[in-house]
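Peer 1:
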Amino acid sequence: MRINIPRFALFLISVTAFFWFIPNFYTKAFRLDTFYIGGDFSPITKEFVIWETVPGKLTYKNEKGDEFDRIGAQKTLPFMFYNSIDKWGAFPLESVDGKSIAYNEARVGVQMLRVSPRGVSLDALPLFVLFESSPIGASLDMPSDMLLTKRDKVVFIDCASGKINEEKSQSFTEALKNGGVTFPILKASSNPTNLKPFDEGLLFTDSANKLFQLKMVKGAPFVKKMSDTIDKKVLFINVDENERKFLYGLVVTEEDVYINTYKEGLKKLPLSGYDPKTTSLSAYFTPLYQSVMSNDISLENSSPRFTALTKEFDIVREYEKNIPQDIIQKRERISYVLSFLTPFRISQFNAFSNEVLFYVKPASSVFFAVLGIIFALILYITLNFKKRFYVSDLIAVCLTGIPGFITLQIFGSFSKKV
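In this text, residue positions in the sequence shown follow my numbering: the first is 3, and each later residue adds one.
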């Protein structure tokens with residue numbers, strides 16, 4: 003007996019495709035693993051309003067687990083659903099923490115920022131859009147060039163010709179050095195869309211781990227040092243312009259998340275156990291309170307943690323939401339079925355990296371994976387009982403389970419008699 007190399011290669015390719023296709027088709031076709039928890043702190047009830055999303059249904063609950071009706075839930079979150087509340091004639095909101103809230107204040111006073119392990123791990127190109135921050139009109143025009151950061155300077159490259167604007171490059175490089183920047187620039191970020199109310203330019207850290215801002219105002223460079231040396235290495239910077247002008251965005255280090263505010267500079271979020279490699283975080287900022295939801299996505303069925311903060315970033319309330327037991331049981335059933343269908347699963351993407359991966363993961367349940375292999379062996383022997391079959395084929399089915407059985411039935415054995 004010998005191996006037919008072309009057929010064996012076809013067997014490997016087909017089995018690999020099944021390891022990817024079967025799990026993805028099963029989960030997407032039945033949508034059994036779709037579940038999301040979110041929440042926000044209510045300035046009305048002084049508790050968190052939690053929403054749970056399953057296919058075709060959105061449920062609002064209080065911290066005790068009691069359900070809200072949709073309108074009742076939205077009335078407790080005036081900054082999130084300001085348009086609906088305005089339609090119901092509830093503005094201005096009186097006596098909310100002794101303050102009257104008008105519709106326009108609620109509309110422009112909301113800002114949401116997110117950061118995920120995938121975003122933190124992104125190693126982007128050092129190429130940025132730098133708008134004219136003081137345009138003639140009300141809108142921001144897309145520039146004709148791009149800003150490229152190099153080891154000891156910045157250069158502007160014309161998008162049409164690819165040529166470097168030497169004069170502009172030298173002017174901005176000198177302004178950065180005169181502003182206290184120590185090259186090279188380590189981590190930088192800008193908001194590359196012109197669909198924003200104004201432009202805050204480029205925020206970046208230099209080799210001394212100091213935070214700076216670079217803007218172009220009437221064609222000239224504007225450089226501002228935003229912080230002294232940051233204690234830990236900066237992994238991620240976010241820029242998000244908002245009419246309220248409360249904060250520029252986020253700065254994430256190896257251990258902490260900072261809010262880059264206009265008035266007080268960097269303010270550290272009081273989060274416990276934050277790990278940029280595994281923690282997904284969303285922050286919702288309003289004129290009264292700030293809500294932060296963090297979740298360790300490396301843990302299966304992890305419990306999201308909610309933190310409410312004052313405008314001074316002092317903790318007002320903390321709450322941890324456990325995943326409902328019926329969702330946990332449903333996920334377990336999914337893992338059992340998938341383990342039975344295929345002993346391995348191949349993923350192209352995950353929540354911790356921006357790369358296209360070829361990640362092979364064994365079945366979560368060894369018992370059901372063995373049952374699937376036994377089932378595939380019984381089927382193969384039964385269907386080929388009166389035919390010639392080879393030990394190598396049986397070994398292949400033992401290693402690959404149902405995907406291997408299907409492949410052998412479609413393309414035949416990859417073994418030949420000598």
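Every residue, glycine too, gets a C-beta built ideally from N, C-alpha and C.
These numbers were taken from a predicted model, which means no experiment stands behind them.
Could you give the residue range of the beta strand (DSSP E) that holds Ile73?
Peer 2: Position 71 of the sequence shown holds residue 73. Careful: Ile73 lies outside any beta strand (DSSP E), inside the alpha helix (DSSP H) at 72 to 77.
Peer 1: Which of helix, strand or coil does DSSP assign to Asn297?
Peer 2: The residue labelled residue 297 in the question sits at position 295 within the sequence shown. Three-state result, Asn297: strand.
Peer 1: Identify the residues that DSSP records as bridge partners of Trp53: which are they?
Peer 2: In the sequence shown, the residue the question calls residue 53 occupies position 51. DSSP output for Trp53 lists Gly40, Tyr62 as bridge partner(s).
Peer 1: Does the count of Cβ pairs from the segment 397 to 411 and the segment 369 to 385 closer than 8 Å reach three?
Peer 2: Put simply, the segment 397 to 411 touches the segment 369 to 385. At least three CB pairs are less than 8 Å apart.
Peer 1: Asp88 by DSSP, collapsed to three states: which one?
Peer 2: Walking along the sequence shown from the start, residue 88 turns up at place 86. Reduced to three states, the DSSP call for Asp88 is helix.
Peer 1: So does the segment 38 to 45 actually touch the segment 15 to 29, counting three or more Cβ pairs closer than 8 Å?
Peer 2: no
Peer 1: On a CA-only basis, which of Glu314, Leu410, Pro137, Ser86 is nearest Ala222? Give me that one, please.
Peer 2: Taking the sequence shown and counting its residues from 1, one reaches residue 222 at position 220. The option with the nearest alpha carbon to Ala222 is Pro137.
Peer 1: Helix, strand or coil for Gly414, going by three-state DSSP, please let me know.
Peer 2: Here residue 414 is taken as the residue at index 412 of the sequence shown, counted from 1. Note: Gly414 maps to coil in three-state DSSP.
Peer 1: Nearest CA to the CA of Leu188: which residue from Leu197, Asp99, Gly164, Asp125?
Peer 2: If you number the sequence shown from 1, residue 188 lands on position 186. That would be Asp125, whose Cα lies nearest to the Cα of Leu188.
Peer 1: In whole angstroms, give me the CA-to-CA distance for Asp71 and Leu60.
Peer 2: Reading the sequence shown from its first residue, position 69 is the one you call residue 71. Reading the sequence shown from its first residue, position 58 is the one you call residue 60. Cα-Cα distance, rounded: 10 Å.
Peer 1: Alpha carbon to alpha carbon, what distance is there between Ile375 and Leu213?
Peer 2: For the purposes of this step, residue 213 is identified with residue 211 of the sequence shown, where counting begins at 1. For the purposes of this step, residue 375 is identified with residue 373 of the sequence shown, where counting begins at 1. Cα-Cα distance, rounded: 57 Å.
Peer 1: Do you know offhand how far Val294's Cα is from Gly203's?
Peer 2: As a position in the sequence shown, residue 294 is number 292, starting the count at 1. As a position in the sequence shown, residue 203 is number 201, starting the count at 1. The straight-line gap from Cα to Cα measures roughly 26 Å.
Peer 1: Give the secondary structure of Asn262 by DSSP, where H, G and I count as helix, E and B as strand, and everything else as coil.
Peer 2: Translated into positions along the sequence shown, residue 262 becomes position 260. Looking at Asn262 - three-state DSSP - the assignment turns out to be strand.
Peer 1: For Phe130, which beta-bridge partners are listed by DSSP?
Peer 2: Position 128 of the sequence shown, counted from the start, is the residue given in the question as residue 130. Phe130 pairs with Leu149.
Peer 1: Measuring CB atoms only, is the segment 155 to 175 touching the segment 104 to 122, in the sense that at least three cross pairs come out at less than 8 Å?
Peer 2: no
Peer 1: So what does Tyr361 bridge to, in DSSP terms?
Peer 2: Here the question's residue 361 lines up with position 359 in the sequence shown. Ser349, per the DSSP bridge assignment.
Peer 1: By how many angstroms is the C-alpha of Val225 removed from the C-alpha of Val236?
Peer 2: Here residue 236 corresponds to residue number 234 of the sequence shown, with the count starting at 1. Here residue 225 corresponds to residue number 223 of the sequence shown, with the count starting at 1. Each residue's alpha carbon lies about 20 Å from the other.
Peer 1: Is Pro306 helix, strand or coil by DSSP?
Peer 2: Residue 306 sits at position 304 when you count from the first residue of the sequence shown. Correct three-state label for Pro306: coil.
Peer 1: Pairing CB atoms from the segment 356 to 367 with CB atoms from the segment 376 to 385, are three or more of them under 8 Å?
Peer 2: no
Peer 1: Between the Cα of Ser141 and the Cα atoms of Phe413, Asn180, Asn196, which residue gives the shortest distance?
Peer 2: In the sequence shown, residue 141 corresponds to position 139, counting from 1. Of Phe413, Asn180, Asn196, the residue nearest in Cα terms is Asn196.
Peer 1: Looking at C-alpha atoms only, which residue of Tyr62, Ile15, Pro45 is the closest neighbour of Leu102?
Peer 2: For this step, residue 102 is matched to residue 100 along the sequence shown. A small fix is needed here, since residue 102 is Ser in this sequence, not Leu. Of the listed residues, the one whose Cα sits closest to Ser102 is Pro45.
Peer 1: Run through DSSP, which three-state label would Tyr291 get?
Peer 2: The residue given as residue 291 occupies position 289 in the sequence shown. If DSSP states are grouped into helix, strand and coil, Tyr291 belongs with coil.
Peer 1: From Ser86 to Asp68, what does the alpha carbon distance come to, in whole angstroms?
Peer 2: The count along the sequence shown starts at 1 and reaches residue 86 at position 84. The count along the sequence shown starts at 1 and reaches residue 68 at position 66. If you draw a straight line from the Cα of Ser86 to the Cα of Asp68, it comes to about 23 Å.
Peer 1: Residues in its own chain within less than 6 Å of Phe354 by CB, not counting five upstream and five downstream?
Peer 2: The residue labelled residue 354 in the question sits at position 352 within the sequence shown. Only Pro119 meet the Cβ criterion.
Peer 1: Relative to the alpha-carbon of Thr281, which residue among Lys265, Asn262, Glu302, Lys269 has its alpha-carbon at the smallest distance?
Peer 2: If you number the sequence shown from 1, residue 281 lands on position 279. Ranking Lys265, Asn262, Glu302, Lys269 by Cα distance to Thr281 puts Glu302 first.
Peer 1: How is Val420 classed by DSSP in three states: helix, strand or coil?
Peer 2: Against the sequence shown, residue 420 aligns to sequence position 418. Residue placement at Val420 is poorly supported in this model, since its pLDDT is 40, which falls under 50; the coordinates still yield a value, given next. Note: Val420 maps to coil in three-state DSSP.
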